[in-house]
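Encoded as structure tokens, the structure appears first; notes follow it.
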Amino acid sequence: MDIYLSAEKFISDNYPGSVVLKDEPLKKHTSFKIGGCVPMLVIPESTQAICGIYKFFKDNGITPLIIGNGTNILAEDCELPFPVIKTHGKAECVRLISETEIEADCGITLAQLAMFAQKNGLTGMEFAHGIPGSLGGAVYMNAGAYGGEMAHIVTKTTALGENGIYEVFGDEHDFSYRHSVFSEKSDIILSSVIKLEKSNKDEILATMDELAAKRRASQPLNMPSAGSTFKRPANGYAAAMIDQCGLKGYTVGGAQVSEKHAGFVVNCGNAAFEDVMDVIRHVRETVKEKFDTYLETEVKIIDRNYRG
Ligand SMILES: Cc1cc2nc3c(=O)[nH]c(=O)nc-3n(C[C@H](O)[C@H](O)[C@H](O)COP(=O)(O)OP(=O)(O)OC[C@H]3O[C@@H](n4cnc5c(N)ncnc54)[C@H](O)[C@@H]3O)c2cc1C
């Protein structure tokens, strides 16, 4: 039997609450709105289902791509020969495990999690409220903004690796700028515990509103993108360097260096994967020439050769 027919049967027999989409355009699941068809995209019903479905594919010699909310991904717009497991959509349980600790599934968005913290009078997550990713993606990337980062609040993560489920505590996360212990692995983050502090609910809400206003004022939130395209280099800020090269508004096809924030490449309409790649290459070359600095991409580039 075709592997994807078997997968569909396995999933409906064992995890019937999961969503199975066949020949699904990845662009429907990425904030960039770019990405070709994958043979199957699954939104598992729970973290147990994520494990079971991942193991099913691995046992059949296939490594699926794991995505959270697809907000840091640039996917090639051709037929992509691998299945995708998307954690955001179903695996989103969240609970208080002590007065100041929250445990949540990987698929929950940071916005949902920050609102849960606020409602429980817990401070420390306000920085993350406007980052559009999932908890799993944020731990993987050590997402951060406005002086906060996941490294400051994540105390424990449960993940699935080659040898089964394991736990990572505190420093073992090896967090650094846009990096965690998971960055070099193809393991799946299943859930995390975050430690916050008691505070006033109104003050927490006011901080979140203030940061949201800053974001709206400085970022092109009305256009598809994957956030900051490049990592911050050691000797400055990518956005400032790109701006000083006069590249705001630089356009190839439907892809453009945002006029509002030079660190973002935006999709002005029907940007092709190669349009964005051409913009990235040109920005890199220009910044290298002017500042002798190589800009590394923060955005994860997924092409047809992806093998996990
Ligand atoms: C408008 C906009 C603003 C943004 N602002 C910020 C910001 O201020 N700060 C910031 O840090 N980022 C920002 N981002 C980028 C992005 O939101 C973050 O990197 C976020 O953490 C990605 O989460 P995600 O769930 O969307 O991950 P995805 O894009 O789905 O995946 C990103 C990477 O994480 C991996 N991954 C995802 N989930 C899991 C999992 N459960 N287990 C293992 N690996 C996993 C994927 O395989 C991939 O390699 C922004 C993006 C946009 C579009």
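Positions -7 to 300 (the numbering used here) are the ones given, in order, by the sequence shown. Using N, Cα and C, we set each Cβ at its ideal position, and we do this for glycine too.
Using only alpha-carbon positions, find the residue among the options that is nearest to residue i.
i	options	result
G228	D284, G44, A106	D284
F161	K19, I180, K280, V185	V185
G62	Y298, T243, K292	K292
D194	S4, N112, I59, Y7	N112
E281	I94, C237, D5	C237
V12	K1, K19, T22	K1
T150	Q40, A247, V279	Q40
S178	G139, L152, S38, K190	L152
I302	R170, A109, T278, E84	The structure shown does not extend to residue 302, since the chain spans only -7 to 300, so no value can be given for it.
G261	S23, L(-3), D15	S23
E118	Y242, K82, V34, G140	G140
I145	G156, E154, K50, L127	L127
H253	L66, A198, M215, R296	M215
K187	P56, E84, A83, M142	M142
H171	K206, E288, L(-3)	E288
G60	M133, P212, V173	M133
I77	S38, T278, A218, L239	S38
Expressed to the nearest angstrom, what Euclidean distance is found between the alpha-carbon atoms of residue i and residue j?
i	j	result
I42	E91	29 Å
V268	V257	7 Å
F222	I123	16 Å
T79	A231	31 Å
A(-1)	Y7	11 Å
R276	L203	30 Å
V249	D5	47 Å
E164	G245	43 Å
I294	G300	10 Å
P36	G9	7 Å
P73	Y298	9 Å
K47	A130	23 Å
N64	E290	8 Å
A264	A247	8 Å
G255	P225	12 Å
K148	R87	14 Å
T101	G125	6 Å
Just to confirm, does residue i get its C-beta within under 6 Å of one of the non-hydrogen atoms of ligand 1?
i	result
I58	yes
G219	yes
N61	yes
P124	yes
M133	yes
S23	yes
A209	no
K82	no
A254	no
T39	no
A230	no
N64	yes
Which of the three DSSP states is assigned to residue i in this structure?
i	result
K50	helix
T22	coil
L72	coil
D166	coil
F283	helix
V34	strand
S4	helix
D295	coil
S305	With the chain covering only -7 through 300, there is no way to say anything about residue 305.
D267	helix
E16	strand
T63	coil
V173	coil
T55	coil
For a test of your reading of the model: does the CB of residue i fall under 6 Å from any non-hydrogen atom of ligand 3? Yes or no.
i	result
M32	Ligand 3 is absent from the structure shown, which contains only ligand 1.
Step through the CB atoms of chain B and report whether any lies within less than 7 Å of the CB of residue i.
i	result
A232	This model lacks chain B altogether, as it is built from one protein chain only.
>> In chain order, what are the residue ranges of uninterrupted alpha helix (DSSP H) at least 4 long that sit wholly in the segment 186 to 264?
In response: 193 to 210, 230 to 236
> Unbroken beta strand (DSSP E) runs of length 3 or more, entirely within the segment 72 to 145: which are they?
Replying inline: 76 to 78, 86 to 88, 93 to 97
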